[in-house]
Amino acid sequence: MYEGLTNVFWGIFIATFSINLGPIKILPAFVGFIIISSGINTINIKYPNDGFKKALDFSRIMIVIALLGGVINIFTQGYYQHSLLLQIWPIILMTFELLMFNYFFMGIIKYFDSLGNVEVSERMIGNSRIYMIIFIIDIVVLSFVMLFNLGGLNTISAIIFVILRISLMVNFGGLRKVLIPENPDDSQGI
Amino acid sequence: MDINKKILKIGLVIISLSLIISLYFAMITKLRNPVFLKSYIDSQIFIDNGIYSECELILHYITNIDDERYITDIAFDEAPPEMDVITNNDSFGITFPNFYAGNREQVYGRYKINTIYVKLDLNNISSEVEDLELNNAKIFFDNGDNLDVDIGRIRFYKYNDVREFFGGTSSGSSSDGTGYISYEILKDITLLNVESTLLDSLNDTVEFKIGDKSYKDIENMELKKGSSINMNYHRNFNNDIMSQYISYNITPKFSFEDENGNILNGRIREIINNRHDFNFVGILKYLRARGEI
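So the protein sequences, as listed, match chains A and B. The opening position of the first sequence corresponds to residue 471 in this note's numbering, with each subsequent residue numbered one higher. The opening position of the second sequence corresponds to residue -7 in this note's numbering, with each subsequent residue numbered one higher.
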């Protein structure tokens, strides 16, 4: 679990801080998604549950979508920048991301419920709710903004998106501190 | 957890709805063809003078934001064969103090305002210029498309030297479409009338006054040597969006009688506006009013 969460943390970091604010460049964010996926996989193998399984499926879809988006970007090189397809692409990507992290949260909540750690699972329920609501509003705003080409709101949406990613890193990274060391003999150095 | 599940479901529905609405809007506001703003222009020709005559036009046209074509050529339907047309995507390097040309391409929402500069070479015109009027043009694009457009009314007039009667010209204009023109009268004359067919077609948009009378009401106005004649014009800011996107450069014609009874013609220069304040909503309204979307 600790390892898995670390992978997810760094995956999100890479996926976020290689994105340009503005026309959203998706490559090489897909590398970040590969790492996230491997993190979820590690967790799912050891503690399988519904949430983790669905999160894993979505994470694999994300890798494909992000990769496709990156490839399309290279080939069009900005020529079709304003075509409808390329403007919808980030919205589809973000919606799948919303689903992936939502299921991941659900997996975490179920895991801590099973451990009997109600405090953490309640906290995660609250955090995931806020995350979802803000993300949904962000996606809706972005879908109008991208199609109407309103420059200023575009940037605000992108900034909110980055803040959401950072909040995820804080949430998942912070969870590691709660975990009981799996092997009491290892010095964890958390 | 159940609340979260509900929120997720509702969220996905809202996202799909907003996507569908945005896509729908993007599709219905798509232009089939570029839309050209109309121009109402009086252009001067020097005939038999040896002075180089040309007419410079700045044409604005609206396209979709993803329209990457550019114009390679323009042909005017009514132009005589001896009139040469040169087009350029950048201004010809001449600064136009009375024209605000702006950037070549300006983006507003899902539309782009493009500008093309056209020079008409008028040196070989022999036909009766005052009957000549250009209304329709065929536009050629770089990918082979062509388009027939109504560009407004472009008229021509022969330069007539009446400087011995009028001197001390001063004029000024501001970006809101108002301006003044004033001449000092050097000899006694009687101003018989003032006419302009372009101003007549634009009477909802532009108001032109001489003294405090409309130009149409001028009849046998006596002007003494040493006095000055003050004229002003302004653009009516009515709610008609169509009138806001018109470019004009109008020189009304006036006829006057000198002290010997000769009747002469002159031109009042220039009632002008090539400045537009574009914004996405305004462009939408304009395109709607023209029936393009």
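We put the beta carbon where it would ideally sit given N, CA and C, even for glycine. For clarity, every value in this text was computed on a predicted model and none was experimentally measured.
Kindly list, in the order they appear in chain B, the residues whose Cβ is closer than 8 Å to that of V610 of chain A.
What V610 of chain A touches in chain B: I6, I7, S10.
For a cutoff of 7 Å on Cβ pairs, would you count F631 of chain A as touching chain B?
Judged by the 7 Å Cβ criterion, F631 of chain A is not in contact with chain B.
Excluding the five sequence neighbours on either side, which residues of its own chain have a C-beta within less than 8 Å of the C-beta of I606 of chain A, listed in chain order?
Result list for I606 of chain A: L568, in chain order.
With which residues is N224 of chain B paired in a DSSP beta bridge?
N224 of chain B is bridged to B:Y172, B:K201.
Can you name the residues of chain B whose CB is closer than 9 Å to the CB of M602 of chain A?
Among the residues of chain B, those whose CB is under 9 Å from the CB of M602 of chain A are N(-4), I(-1), L0, G3, following chain order.
Are there 16 or more other CB atoms within 10 angstroms of the CB of E214 of chain B, so buried, or fewer, so exposed?
Under this definition E214 of chain B is an exposed residue.
My output table needs one value for F157 of chain B: the three-state DSSP class, helix, strand or coil.
Residue state, collapsed to three classes: coil.
Check whether E176 of chain B and S235 of chain B have beta carbons under 7 Å apart:
Contact annotation: E176 of chain B and S235 of chain B have beta-carbon atoms that are not nearer than 7 Å.
Less than 7 Å between C-beta atoms, sequence neighbours within five positions excluded: which residues of the same chain meet that for W559 of chain A?
Excluding sequence neighbours, W559 of chain A sits near G539.
Could you check which residue in B:H226, B:D153, B:D113 has the C-alpha nearest to that of K167 of chain B?
The question names Lys, yet the displayed sequence has Ser at residue 167 of chain B. Out of B:H226, B:D153, B:D113, B:H226 has the C-alpha closest to the C-alpha of S167 of chain B.
Along the segment 554 to 567 of chain A, what residues have a CB closer than 8 Å to any CB found in chain B?
Listed in sequence order: L554, I558, I561, T565.
Euclidean distance between Cα positions of G94 of chain B and E70 of chain B:
For G94 of chain B, the predicted structure reports a pLDDT of 45, less than 50, and the residue's modelled location is therefore unreliable. A value from the coordinates is still provided. Near 29 Å, if we compare the C-alpha coordinates of E70 of chain B and G94 of chain B.
Using a beta-carbon distance below 7 Å, is L617 of chain A in contact with chain B?
Output row for L617 of chain A: interface = yes.
Note down, in chain order, each residue of its chain lying with its Cβ closer than 7 Å to the Cβ of I2 of chain B, except the 5 sequence neighbours on either side.
Nothing listed; no residue qualifies.
Could you say which of A:I604, A:I562, A:T565 lies nearest to I411 of chain A if we only look at CA atoms?
In this structure chain A extends from 471 to 660, so residue 411 of chain A is not present and cannot be described.
Closer than 8 Å is the cut-off here; do at least three beta carbon pairs connect the segment 60 to 67 of chain B with the segment 272 to 285 of chain B?
At 8 Å Cβ cutoff, the stretches do not touch.
Closest Cα partner of L0 of chain B within the set A:P518, A:I630, A:D583, A:I609:
Ranking A:P518, A:I630, A:D583, A:I609 by Cα distance to L0 of chain B puts A:I609 first.
Distance between S165 of chain B and F487 of chain A (C-alpha atoms, nearest Å):
Approximately 52 Å, taken between the alpha carbons.
Identify the continuous alpha helix (DSSP H) that holds A71 of chain B and give its terminal residues.
Run containing A71 of chain B: none; DSSP gives neither H nor E here.
Quick one: which chain A residues come within Cβ less than 9 Å of M223 of chain B?
Neighbours of M223 of chain B across chain A, judged by C-beta separation under 9 Å, do not exist; the nearest C-beta is about 43 Å away.
Within 10 angstroms of its Cβ, does A485 of chain A collect 16 or more other Cβ (buried), or is it exposed?
Buried.
Just tell me which of B:N25, B:V99, B:N152 has its CA closest to the CA of G621 of chain A.
Considering only alpha carbons, the answer is B:V99.
What is the DSSP secondary structure of F291 of chain B, reduced to helix, strand or coil?
Residue 291 of chain B lies beyond the range of chain B shown here (-7 to 285); nothing can be said about it.
For V110 of chain B: DSSP bridge partner residues
Its beta-bridge partners are B:L49, B:T79.
State the start and end residues of the unbroken alpha helix (DSSP H) segment that holds V121 of chain B.
Unbroken run through V121 of chain B: none, as it is neither H nor E.
What does the Cβ neighbour count give for N228 of chain B, buried or exposed, with the cut at 16 atoms within 10 Å?
Result: exposed.
For M(-7) of chain B and M576 of chain A, what's the separation of their Cα atoms in angstroms?
C-alpha of M(-7) of chain B to C-alpha of M576 of chain A: approximately 8 Å in a straight line.
Buried/exposed call for G481 of chain A, threshold 16 Cβ in 10 Å
So G481 of chain A counts as buried.
What first and last residue would you give for the beta strand (DSSP E) that runs through T182 of chain B?
Element bounds for T182 of chain B: 181 to 187.
Buried versus exposed call for Y109 of chain B [16 or more other C-beta atoms within 10 Å across all chains shown]
Y109 of chain B comes out buried.
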